[in-house]
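Each remark here refers to the structure printed beneath this line.
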Amino acid sequence: MLLSSLIFVPLIGMIVVMLIPKDKFSTIRWTSTIFSMIPMFTSFWITWDYFFNYSGSAAMAYVEGPFKWIPSLNVHYFLGVDGISVPLLFLTGLLSTISIVASFGINKRVKEYFAFFLLLEASMMGVFVSLDFFLFYVFWEIMLVPMYFLIGIWGGPRKEYAAIKFFLYTLFGSIFMLVSILIVYFTSQPHTLNILTLIKQGSALPYTLQMVCFIFFFISFGVKVPIWPLHTWLPDAHVEAPTAVSVILAGVLLKMGTYAMLRISWPMFPKALHSLSFWIAVIGVIAIIYGALVSMAQKDLKKLVAYSSVSHMGYCMVALAAYTSATAITGCMFQMVSHGLITGALFLLVGVLYDRAHTREIAVFGGLSSKLPVYSGIMLLFSMAALGLPGMSGFVSEFMIFIGSFGVLNKVLVSIAVLGVVLGATYMLRMVQKVFLGEFNLERWGGLTDINLREIITVAPLAVLVIAIGVYPKPLADLMSATIQHFITLVVR
Amino acid sequence: MSEYLFLVPLFPLIGFLINGLLLGRLPRSMIAFIACVSVGLSFILSLFLFFGLKAMPPEIRIVEQVLFNWIIAGSFHANIGFMLDPLSAVMIMVVSGVGFLIHIYSIGYMRGDTGYGRYFAYLNLFMFSMLILVLADNFLFMFVGWEGVGLCSYLLIGFWFEKKSASDAGKKAFITNRVGDFGFLLGMFIIFWQVGSLNFTEVMASAPQVFVSGGVLITVTCLLLFFGATGKSAQIPLYVWLPDAMEGPTPVSALIHAATMVTAGVYMIVRTNVLFIMAPDALMVVAIIGVVTAFYAATIGLAQNDIKRVLAYSTISQLGYMFLACGVAAFSAGIFHLMTHAFFKALLFMCAGSVIHAMSGQQDMRYMGGLKKYLPITFLSMLMATFAISGIPGFSGFFSKDEILWKSFSSPFGNYILWAVGFITAGLTAFYMFRLIYLTFYGKERMDEKTKAHIHESPKSMTVPLIILAILSVIGGWVGLPHLFGFTNNFEHWLEPVMRKTNQIIAARRINEAVGETGIEWGLMIATVALVLISIYFAYLIYNKRTELATSLREKFSSVHKLLLNKYYIDEFYGAIVIRPLIYFSLFLWKVIDVAVIDGFINGMASSYDDVSGTLRTMQTGRVRTYATIFLAGVVIIIAYMVFY
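Sequences listed follow chains P and U, in order. This note's numbering puts the first residue of the first sequence at 18, with every later residue one more than the last. This note's numbering puts the first residue of the second sequence at 24, with every later residue one more than the last.
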């Protein structure tokens, strides 16, 4: 029931919100907040309970089903979580509520906005708890609908272009996923869509078939990550999307790609993985360097953060290529969580500035530190986190990835990836300097006000978690270690 | 004793948290009190730890404390752990001691600044990071301190962030250090990959079994670590950030960019001396880079007009000496010079700060002169420091520098060329330092009237630290009196447990070497002292007695002067071959690859679908007659096909 509630409470919330008269803004906002807080606290409880009671073994916890859903197709309602999905549930619960609170400034078609947001939350939760392929696919696709409208209606000047681009890109990927699902379904004996069973059988598939399915899944999951060169939807979507949607996009949606690789395609097709791991690492390294360099050239604050996501998710790909190293895979999970927290916060903070200045152009600012000390201080903290300063979560994850993959991957390749550390500092510090240091333009920006309490409340939990994970990462590592050990045994088959 | 180790960095952390989180809302005296006391407590504790360690028998002088498991993932694990041994004991005393004096000095120096609370918060954060750096028991935790001091350096260089030059300098420092970190990280990865641990004790114990002495892997590892050190310790090729770092407040230059942080690279190499001694080729590189940097920076120092820049290049040069010492496997001489340098260079900067304070912010020595009578305490302190850095016998710098020069000649890893370059550099050092003294304190008063009316000796909070450091600059070297004078070198003896393995290897190498005769040692020492005295005489001649000589020399060698004044155009060179290409490349990737190629392809695909579907759409005219015609045509074609084939 616990896992189902994560999906259905936001769905009920959506229906309730739709029943509220559309001009009762405040009622709508608070109702949505409450309906997102319930799954948030549920996800916190699950994390807590899982840590103390289930994290010792790799078995699925809180399993529901499999219940027959569409018997003719062997489709089941089947949910369960383990050490790699629990942290992401936590992240989804937290970021959803934060995003909803951060959306209180939305004044246009408020009712639809929050209804879509709750639908989005339900579908994201669904992706992370589904253990049936059909169910997984349904949630994966449903997610597109609210996202499309959230960008397309509440977005910036080029919102239609961005929304359609996002939609088509993902749909393009989904087709590959559908084909692959059909292949594994019809080659399984007896036909099944149970992901766990398929993982057990999948390694027995002939090599060519494994390669085809693996590559198809890789493309469809890769669009979400996004892997280079399938990433160009990301900057457009981020720039046009409203702040809260960017937070969800960067914080949760991108992780669905890497999560699906860990959950599905990696353990299901180990032979294909063996042959392709070098190229996966290459793609990851390109993303790291390319994303960082392109970030460096950006003139728009939000686009800079968006491209930095490409770079940061590249670290995850490098880690995934080093699949035999538990250190690297742990680093990958850490990077997913850490990137969600840090980049989520950066988008929130960019939104704070945009709400006041109505522009995100880096060059027009300068010297904000003197006028907005609290805002600048928080932004500096997260910039340092983003460039991987020790003591914060980004360092822990990057370090795990590097030291884990150095032992198993091509040394030169990993060394190039480490250059990302240098480039990361370059683009973040360039941004900090241009926006926060230097002379303050009193005439133009004299009216700016510092960050307010509601905004501080939205980023404060993220800051606390970023530092907590950076200083004491052990609980998070313990939570997932059994699952990751099990994962390694599956992928080295 | 071990249970108190973590308190050493904890005190400044508490100071940082109080001043940092309250955003400087406390009264100023309170801010300063918290900041100074927290560092003072660390210093007192360091002294206790030192004497505690001294009371133990030399063989077991190593105390460890593990606070908790920090990162555990798969086969990797690293602790938050501290290690006190003779080396780190020296370091924590120097760091917290000099740091404490500079905190006191800052009370007066920063008195009028609006960012008082922020300043002391950063300074305490720096002390915390630096103490972690020297107390860490493993590479990774050391790296935490390493990055932490880098952050504080960034924040404090750019402390007056409204000034573009200051924020530029901060950014440059951070990024240049990150370039070095690239080496440090890779070095760490190789060590973990080979040894399976990052703990210093474990790595040093198993390195001789794991690595082939003189092999490629250990050489590469050491070179990578050294590359990291060149970033932090401002050596060729990554020294470029340090001169610009002078944009920060002067006490910061004294603390971070002279006495403590920049010596972290030297400390790191000495900490890993067991690895370096196994890689003679890497040692050779360290020695060469060290001595070349020492010489090169000294030549630039000859021509600078900004008082702080002279000292900055002098710091780079002196750090070069320390690396020279490391490179010839005279690790304890390197640490000895690190310590004496911390005293006299911190003092030089603080005196320079006192001068700048008196001169209402003027840093250009061309507008100073004759300050001796206005600033007697500053003058005398600075003179002591200058004697020390120049290597006047009896002063602290003499002993440490002489030991380095002697080792660079006599060590099995040294040779006469290294010695010769170091020897010439000693002359240059004395020359540019006395040039500074003469330009600043002697001769005509070249400042304008307004500034002149304002000149005053600094307040007590500034002069008392000067006096204490002046005393240390004089006597600080006496802990390491050379064998030559008939003493035992206490300092070397104290560090012996850290260097045990290294000393064994050196002793094994030395068997057949004839060098080490006292006659040669005396000869070289006298030669150095003579050169220093001659250099001082020339400085006196050119910059005091016959100042017209300076002008004519400058004109005669104008191209050389211009080259030196512009620091060999290295910044311009880096700009042209690294920075600008990188910027253009990033623009190319964005505008061409991302927007034109990838997006162009995707949008092109979308619009070609559009075209195709647009064309196809015209066939759906809705007119039945057209459909019937096409239908008929189809039927005809099919029938024709069936008939003819």
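Ideal Cβ positions, reconstructed from N, Cα and C, are used throughout, including at glycine.
Straight-line spacing of the CA atoms in LEU110(U) and ARG294(U) works out to 8 angstroms.
By the Cβ test, the segment 27-43 of chain U is in contact with the segment 55-63 of chain U, since at least three Cβ pairs between them sit closer than 8 angstroms.
Here DSSP, grouped into helix, strand and coil, assigns VAL80(P) to strand. Take SER355(P), set aside five residues on each side of it, and the residues of its chain with a beta-carbon closer than 6 angstroms to its own are SER410, GLY411, SER414, in chain order. Counting along the chain, the unbroken alpha helix (DSSP H) around ASN296(U) starts and ends at 296-300. Think of a sphere of 7 angstroms around the beta carbon of ILE95(U): the chain P residues whose beta carbon falls inside it are LYS491, ALA494, in chain order. Cβ-Cβ distances below 8 angstroms link LYS331(U) to MET269, THR273, SER276, PHE372, ALA375, ILE379, GLN386 in the same chain, with the five nearest sequence neighbours on each side left out; the list follows chain order. Of the candidates GLY627(U), SER98(U), ASP329(U), the residue whose Cα lies closest to the Cα of GLN502(P) is SER98(U).
By the beta-carbon neighbour count (other beta carbons within 10 angstroms, threshold 16), VAL438(P) is buried.
Boundaries of the alpha helix (DSSP H) harbouring PHE432(U): 419-433, taken from the DSSP string.
In this structure, PRO284(P) and VAL508(P) form a Cβ contact; the two beta carbons are roughly 6 angstroms apart against a cut-off of 8 angstroms. A straight-line Cα-Cα distance of about 56 angstroms links PRO492(P) and SER636(U).
By the rule that beta-carbons nearer than 8 angstroms mark a contact, SER342(P) touches chain U. Within chain P, LYS491 have C-beta atoms less than 8 angstroms from the C-beta of ASN92(U), given in sequence order. Straight-line measurement puts the Cα of LEU112(P) at about 26 angstroms from the Cα of ASP40(P). The bridge partners DSSP lists for HIS93(P) are LYS85(P).
Look at the segment 203-258 of chain P and you find no whole run of beta strand (DSSP E) that is 3 residues long or longer. Within the segment 301-329 of chain P, those residues whose Cβ lies closer than 7 angstroms to any Cβ of chain U are, in chain order, TYR307, LEU310, VAL311, MET313, ALA314. The alpha carbon of LEU90(U) has as its nearest neighbour, out of ALA476(U), ILE83(U), ASP160(U), the alpha carbon of ASP160(U). Distance from the CA atom of ALA314(P) to the CA atom of LEU385(P), rounded to whole angstroms, is 21 angstroms. Taken in chain order, the whole alpha helix (DSSP H) runs of length 4 or more contained in the segment 110-157 of chain P are 127-146. Remark: C-beta atoms of LEU363(P) and VAL322(P) approach each other more closely than 8 angstroms. Just measuring C-alpha positions, the residue of PRO50(U), PHE73(U), GLY203(U) sitting nearest ARG134(U) is PRO50(U). Using a Cβ distance threshold of 8 angstroms, ILE130(U) and ALA55(U) count as a contacting pair. With a threshold of 8 angstroms between beta carbons, SER386(P) makes contact with chain U. Within the model, the alpha-carbon separation for ASN438(U) versus PHE366(U) is close to 29 angstroms. Contact annotation: in the segment 452-471 of chain P, residues whose CB is within less than 9 angstroms of a CB in chain U are PHE453, LEU454, GLY455, GLU456, PHE457. If you draw a straight line from the Cα of ILE198(U) to the Cα of PHE295(P), it comes to about 30 angstroms. For LEU112(P), the closest Cβ of chain U is not nearer than 8 angstroms.
Not a single C-beta of chain U is nearer than 8 angstroms to the C-beta of LEU398(P). For GLU26(U), the nearest beta carbon of chain P is not closer than 8 angstroms to its own beta carbon. The distance from the Cβ of MET278(P) to that of LEU337(P) is about 6 angstroms, consistent with a contact at the 8 angstroms cut-off. The three-state reading of DSSP puts PHE107(P) in helix, counting H, G and I together.
Boundaries of the beta strand (DSSP E) harbouring PHE99(U): 99-107, taken from the DSSP string.
In this structure LEU106(P) is in contact with SER60(P), their Cβ atoms being roughly 4 angstroms apart against a cut-off of 8 angstroms. Only LEU605, ILE606, PHE608, SER609, LEU610, PHE611, LEU612, TRP613 from the segment 601-613 of chain U bring a Cβ to less than 9 angstroms from some Cβ of chain P.
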